[in-house]
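For reference, the structure discussed in these notes is given below.
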Amino acid sequence: MSGDLVVLDRPERLSTVVRPTRVPIASEGNSIDAADSPHRGRHGATAAASLKASIRGLYDLTKPRIVMMILITTGMSAMFLAGTDLSMWMMMHLMIGTAAVAGSASVMNQFIEREADAKMMRTMKRPLPSGLVSPGAALIFGITIGLLGTAYLAINVGQSTAFVGVATWVGYVMLYTPLKQKTAWNTTVGAIAGALPMMMGFAAAGGSLTDPRGWLLVAVLFLWQYPHFMAIAWMYRGQYADAGFKMTPVVEPTGKSAGWQAIAGALALPAVLITLVLPYNYAPLFAVLAVAASFGMIRSSFRFCGSPNDVTARQLLMSSLVQLPASLAVLIAARLLG
C-alpha cells in the first residue's frame, strides 16, 4: 500500500509509467514483477520494524529498572538468611520467577492506568498511552507472564515464595493501583506491596513466613519507601493532580505531611537495621555503619520537611538512592562476618 501511495503522490510521472517487464528467477522457477520487488522489501522491513517496536514496547511495560531493583532486594534478602550456603541454582530460579511476577504487576498497573498516564507528561510516552502497544496485547502479556512466573516459582523455588509473589501482585495491582485515585493511604498499601519481595527472598532461602527476621527485612524496604516516594510525589504533584491521583502532596499541598512521613520512615529505618545486625559478631560496628548509611537520608528528610520545594525533594530522592544499597551492604557484611 505504501508503494501505491508514493506513485499517487507524484501525478506528473503517471504518463511516463510503462508496465515493467517480468524478470524470471531461475532458482524459484517463477517470476515476479520487478517494480514490486522494492515495495515488497520496504513492506517487509516496515513489518519487521513494527514487530521489533511492539516487542520493545512490551518489554518497557515491565519497567525493567524497577524490576532490577526488586531483584536486587530479593536476592539480598535470600543472601542475608543463607549466607555462604546460598545456592546459585536457587538464586537463578528466584530471579527468573520474580522478574516475571514483578514485570506482570507493572504491565497490569499501566494497563489499568493507561488513561491517567496519558494526562501526565512523565508517563504520556509510555507504550500504552502512546499507542505503541494495544491494551489487549498488554493485558494478555501481563496475565501470561504473571501466571508463568508464579508457576515457575512454585515448581523451582517453593510454594511459600510463590504465595508471597501472588500477595505482592494482588497488593500492587488490585489494591494500590485503584487506591491511588481514592485516598492518600495508597502510599502505605503500595509500600507494603513493594516490600514483600524481601520476604520472597527470605522464604526462597528456607526461611519461615513466621520468622521475625523476614518481617524485619520487609520493614527495611517498607520504611525506605516513605522518604523515597514522598520526594517523587512532591516533584510530580502537579501531574499527579492532573491525573486524579490522590498522593499526599496533592491532598495536603503544603508538603508538611509528606515531610513528616519522610522523617518517620528515615528515623525508624536505622532502628530496624540495628535490630537485624545485633545477633552477629561486631554488632556495635555494624550498628554504627547502619546509622551512617541512613544519616544522609535523615538529614535530607528534615530539610525537605522544613522547606518543601523541588530542590530539597530532589536531594531527598538522591539520598534515598544512596541509602538503600548502603544499608543492604551493611546487612550482608554483618551476616557474612557474623
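The numbering used here applies: residue 495 is where the sequence shown begins, and numbers increase by one.
Virtual Cβ for every residue (Gly too), placed ideally from N, Cα, C.
In the assembly as shown, S628 is an exposed residue. Its beta-carbon has fewer than 16 other beta-carbons within 10 Å. T655 and L588 do touch by the CB rule: their CB atoms are close to 7 Å apart, below 8 Å.
With 16 or more neighbouring CB atoms inside 10 Å of its own CB, L763 falls in the buried class.
When C-beta atoms of the region 599-612 are compared with those of the region 661-671, three or more pairs fall below 8 Å, so the two segments count as touching. When DSSP states are grouped into helix, strand and coil, T682 belongs to the helix group. In this structure, L825 sits away from L772, with a CB-CB distance that is not shorter than 8 Å.
The three-state secondary structure of R808, taken from DSSP, is helix. Within the same chain, Cβ atoms closer than 7 Å to the Cβ of I606 are found at T671, the five residues on either side in sequence being excluded. Looking from the CA of S598, the closest CA among F574, I634 and M582 belongs to I634.
DSSP, read as helix, strand or coil, puts G597 in helix. Burial is judged here by how many other beta carbons sit within 10 angstroms of a residue's own beta carbon; N803 has fewer than 16 and is exposed. Fewer than three pairs of CB atoms, one per stretch, sit closer than 8 Å, so the region 700-707 makes no contact with the region 719-730.
In chain order, T681, A685, Q755, A756, A758, G759 and A760 place their CB closer than 8 Å to the CB of Y720, counting only its own chain and leaving out the 5 sequence neighbours on each side. 8 Å or more divides the Cβ of V712 from the Cβ of T644.
Take the alpha-carbon of G732 and the one of V744: they are about 8 Å apart. Exclusion of the five residues before and after I637 leaves S598 and M602 as the residues of its chain whose Cβ lies within less than 8 Å of its Cβ.
For the options M614, L647, D554 and W718, the alpha carbon positioned closest to that of V816 is the one of W718.
In the DSSP annotation of this structure, P747 is not part of any alpha helix (DSSP H), being labelled neither H nor E. Here DSSP, grouped into helix, strand and coil, assigns T568 to helix. Secondary structure at R616: coil, using DSSP grouped into helix, strand and coil. Close CB contacts of T568 within its chain, under the 6 Å cut and outside five residues either way in sequence, are with T592, P691, M694 and G695 (chain order). In the structure shown, the three-state DSSP call for G591 is helix.
Short of 7 Å from the beta carbon of A784, and not among the five residues preceding or following it, lie these beta carbons of its own chain, in chain order: P764, L767, I768, V771, S821 and V824.
Per DSSP, the continuous alpha helix (DSSP H) segment holding F723 begins and ends at P706 to M729. A distance below 7 Å between beta-carbons, with the five flanking residues on each side excluded, links A612 to the following residues of its chain, in chain order: M618 and P623.
Take the alpha-carbon of T578 and the one of G708: they are about 18 Å apart. If the five residues before and after M585 are omitted, its C-beta is found closer than 7 Å to the C-beta atoms of G569 and A572, all from its own chain and listed in chain order. Assignment of K557 by DSSP, reduced to helix, strand and coil, places it in the coil class. In the structure shown, the three-state DSSP call for P764 is helix. Annotated three-state conformation of A699 is coil, per DSSP.
Taking C-beta separations shorter than 7 Å and ignoring five residues to either side along the sequence, the partners of R829 in its chain run F574, G577 and Y774, following chain order.
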